[in-house]
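Presented below is the structure to which this report refers.
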DNA sequence: GTAAAACATGACAAGTAATGACATGATTAA
DNA sequence: TTAATCATGTCATTACTTGTCATGTTTTAC
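Residue numbers (the numbering used here), protein chains in the order written: chain A, 76 to 388; chain B, 76 to 388.
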């Protein structure tokens, strides 16, 4: 076996152990202790932060977190990593911030000038636009950490009705439209609610959980329909166009031969509020057949607006 | 110089050239031809896809794209790369798809089981939610490529008024809310317009451009205000809350001591259409003082809805 | 069809590097 | 004090690397 290969094996071996002696390595790899010492010198020269303690119970300790074996990337692969990082550019308070910039630095500095130009081009020709928010989400990291550790949280939360204490069991966090959301089980209200991480003022305390709970993916698929209600709407051509651009409806729009179309699906009553504003915008491009509540809501909102601006001309 | 170092140098050297002879390497590194042949055998054994052509004008050719020198990542850095890739999960038709999965595979297979668990946890506890669209964007890659190459495009585009041919100069592409957009200069309309990549039916032809044009970043900062108009709105507490959640307004909301607030800013007349639907939703939580056009628009929309549903009760 | 330019491979000697055995010293904890 | 460690040095031996020379093979230009 070549020296390089053996050094690599030892590198991997030692970075997985917090402490070890030269004898252990010698036994493991069937080489002499003298050679182990020489190898360790080599690794140290190569920049591995390893230090030794002499005396009984001494040994070697590797300081940094574990290293992976050296990986050969192609230029295209490096570019793809930059591309992925680009997509994170518009978020604030991201986890792994320091790691991301150190990876970017390691990769960028090992690229040739030609590839650097390509990276720079990608940076200037493609973007993942989430509005660059001024809203700070300082607790994002903590919330993510506690979610992964499967802990319950007592938090101070700023809701519609003021600042409240909540006792919740987090499911996970997700970003949408530049904001971070935390779906979690509320022990007081006894159901899963959606919190905004930027509205969490502080985490008061945490407690461990033994059992497993729902994860994010399950929750995404779950999306409770507790009060099913039929949504039935006729759409003009323009109505179809617009509905197809709305994530929520996109999958339900049916186009007919004459170019018009309809939506006919079951939704949860709790979503009516959200849907109302969509149909306000669509105006006569959408004619709602069901549910009555939605029509009533639309009329109410329309009347509110007319009342409000009745004297303006 | 050690063999390993020299091999690496040669690896880097040869991957930057498409074709070379053993003599060239021998001259470049001042070693004998025989040794070059031996080294090339070594590199080939190490998995470098290199092949030779015999005879006059023969030489060696490296098949794959360029390799970077081997890079040592820490486990945390690898995790951060997975985290970044996670953010791309909900897009379709991404560029660099194959590279992303090969990087994922390379990294994942070199991780220890402990770290693999961490990755899996991150995957299940954090998400970047963009609605998983069924809309296909098959031309995304091409459009991006041509944008980077600074080419003009003749495209077939499906707009409100039907299928049209357009002659455009792309600025770049960006993703927003799960859709891909292409800001580009329209040679016919003589201004910059925003196209949706999924509505580009085909690219008819391209032509090169010599000079530089605007890039995405500049365009984001540019956002033309051609017809400035004052937007002045009073907000209730709830109005403030809601406006702060709207990316577009977020920066302009001013809160007063009594908890109410206002927006007072300059916008472009072209944006009124978009804004109307926001204020339809806000209803009496927002009282518009200026512009008149917006009030007229709201009333018109409200009346349209009342007319539409007048006989329902 | 021959010569030149290239890769392919083998043998061998000379040089260089890596290894193990042994020795010695230093440091630490039991 | 003693045992367990690391640290370093020397030296003979072994293993590897390199250059030189030799011999083939394949391809293309002329």
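We treat Cβ as the ideally placed atom computed from N, Cα and C, and that holds for glycine.
The model shown is predicted, which means the values in this text are computed figures rather than measured ones.
Bridge partners for residue 283(B) per DSSP, in chain order?
Per the DSSP secondary-structure output, residue 283(B) pairs in a beta bridge with 226(B).
Helix, strand or coil for residue 360(B) per DSSP?
Helix at residue 360(B).
Inter-residue spacing [alpha-carbon to alpha-carbon] between residue 261(B) and residue 203(A):
Straight across, the Cα-Cα distance linking residue 261(B) with residue 203(A) is about 23 Å.
Give the straight-line distance between the Cα atoms of residue 382(A) and residue 362(B), rounded to the nearest whole angstrom.
Looking at the two C-alpha atoms, the distance is approximately 11 Å.
Cβ of residue 85(A) within 9 Å of any chain B Cβ
Chain B has no Cβ within less than 9 Å of the Cβ of residue 85(A).
Through-space distance from residue 82(A) to residue 121(A), alpha-carbon basis
Residue 121(A) and residue 82(A): Cα-Cα distance of roughly 11 Å.
If residue 155(B) sits next to residue 174(A), beta carbons under 8 Å apart, how far is it from one beta carbon to the other, in whole angstroms?
Right, the Cβ-Cβ distance comes to about 4 Å (below 8 Å), so this counts as a contact.
Once DSSP output is grouped into helix, strand and coil, what is the label at residue 162(A)?
Collapsing the DSSP output to three states places residue 162(A) in coil.
Rounded to the nearest angstrom, what separates residue 89(A) and residue 192(B) at their Cα positions?
The straight-line gap from Cα to Cα measures roughly 21 Å.
Reducing DSSP to helix, strand and coil, say where residue 169(B) ends up.
Residue 169(B) falls in the coil class under three-state DSSP.
Please list the residues of the region 237–258 of chain B that have a C-beta atom closer than 9 Å to any C-beta atom in chain A, keeping them in chain order.
Listed in sequence order: 245, 246, 247, 248, 249, 250, 251, 252, 253, 254, 256.
Would you mind telling me which residues of chain A sit closer than 7 Å to residue 356(B), beta carbon to beta carbon, in chain order?
Neighbourhood of residue 356(B) in chain A, by CB distance below 7 Å: 352, 355, in chain order.
How far does the beta strand (DSSP E) with residue 143(B) in it reach, from first residue to last?
Note, residue 143(B): premise wrong, no beta strand (DSSP E); not H, not E.
Touch test, the region 303–311 of chain B against the region 360–375 of chain B, Cβ-Cβ under 8 Å, three pairs minimum:
Contact annotation: the region 303–311 of chain B touches the region 360–375 of chain B, with at least three C-beta pairs closer than 8 Å.
Can you give me the start and stop residues for the beta strand (DSSP E) that residue 261(A) sits inside?
Looking at the DSSP string, the run of the beta strand (DSSP E) that includes residue 261(A) is 254–261.
I want to know whether the region 227–239 of chain A touches the region 321–335 of chain B - three or more CB-CB distances under 8 Å.
The region 227–239 of chain A, when compared against the region 321–335 of chain B, does not touch it at the 8 Å Cβ threshold.
Quick one: give me the first and last residue of the alpha helix (DSSP H) that residue 136(A) is part of.
Run containing residue 136(A): none in the alpha helix (DSSP H); it sits in the beta strand (DSSP E), 134–137.
What did DSSP end up calling residue 381(B) once you bin it into helix, strand or coil?
In this structure, residue 381(B) counts as helix in the three-state DSSP scheme.
Contact residues within the region 133–160 of chain B, judged by C-beta distance below 7 Å to chain A:
Identification of residues in the region 133–160 of chain B having a C-beta nearer than 7 Å to some C-beta of chain A yields 139, 140, 141, 142, 143, 144, 145, 146, 147, 148, 149, 150, 151, 152, 153, 154, 155, 156, 158, 159, 160, given in sequence order.
Give me the Cβ distance between residue 358(B) and residue 376(A), rounded to the nearest whole Å; I'm assuming they're in contact under 8 Å.
About 5 Å separates the beta carbon of residue 358(B) from that of residue 376(A), a gap short enough to meet the 8 Å contact definition.
Report yes or no: do three or more beta-carbon pairs, one from the region 273–290 of chain B and one from the region 238–249 of chain B, lie closer than 8 Å?
Enough Cβ pairs lie closer than 8 Å, so yes.
Mapping the DSSP letters down to three states, classify residue 351(B) as helix, strand or coil.
Residue 351(B): helix per DSSP, three-state reduction.
On the three-state DSSP scale, how would you describe residue 266(B)?
Residue state, collapsed to three classes: strand.
Would you say residue 378(B) lies against chain A (beta-carbon separation less than 9 Å)?
Residue contact with chain A for residue 378(B): present (Cβ-Cβ distance below 9 Å to some residue of chain A).
According to DSSP, is residue 119(A) helix, strand or coil?
Secondary structure at residue 119(A): helix, using DSSP grouped into helix, strand and coil.
Counted within 10 angstroms of its Cβ, other Cβ atoms place residue 109(A) as buried (16 or more) or exposed
So residue 109(A) counts as exposed.
Opposite residue 244(A) in the DSSP bridges: which residues?
Looking at the DSSP assignment, residue 244(A) forms a beta bridge with 260(A).
Buried versus exposed call for residue 273(A) [16 or more other C-beta atoms within 10 Å across all chains shown]
It counts as buried.
C-beta neighbour in chain B for residue 398(A), strict 9 Å:
No information on residue 398(A) is available, as it lies outside the stretch 76 to 388 that chain A covers here.
Specify whether the region 84–99 of chain A and the region 130–150 of chain A touch according to this definition: at least 3 beta carbon pairs, one from each stretch, less than 8 Å apart.
Taking 8 Å as the limit for Cβ pairs, the verdict is that the region 130–150 of chain A does touch the region 84–99 of chain A.
So with CB distances below 7 Å, who are the chain A contacts of residue 91(B)?
Per Cβ cutoff of 7 Å: 187.
Run of the beta strand (DSSP E) containing residue 329(A), from where it starts to where it stops:
Boundaries of the beta strand (DSSP E) harbouring residue 329(A): 328–330, taken from the DSSP string.
Would you list the one or two residues that DSSP bridges to residue 389(A)?
Shown here, chain A extends from 76 to 388; a query on residue 389(A) therefore has no answer.
Return the CA-CA distance between residue 211(B) and residue 318(A), expressed in angstroms with no decimal places.
Roughly 16 Å separates the two Cα atoms.
For residue 38(B), which residues in the same chain have their Cβ closer than 7 Å to its Cβ, ignoring the five residues on either side in sequence?
Outside the displayed span of chain B (76 to 388) sits residue 38(B), for which this structure offers no information.
Does the distance from the CB of residue 337(B) to the CB of residue 355(B) come in under 9 Å?
Cβ distance not < 9 Å, so residue 337(B) and residue 355(B) don't count as in contact.
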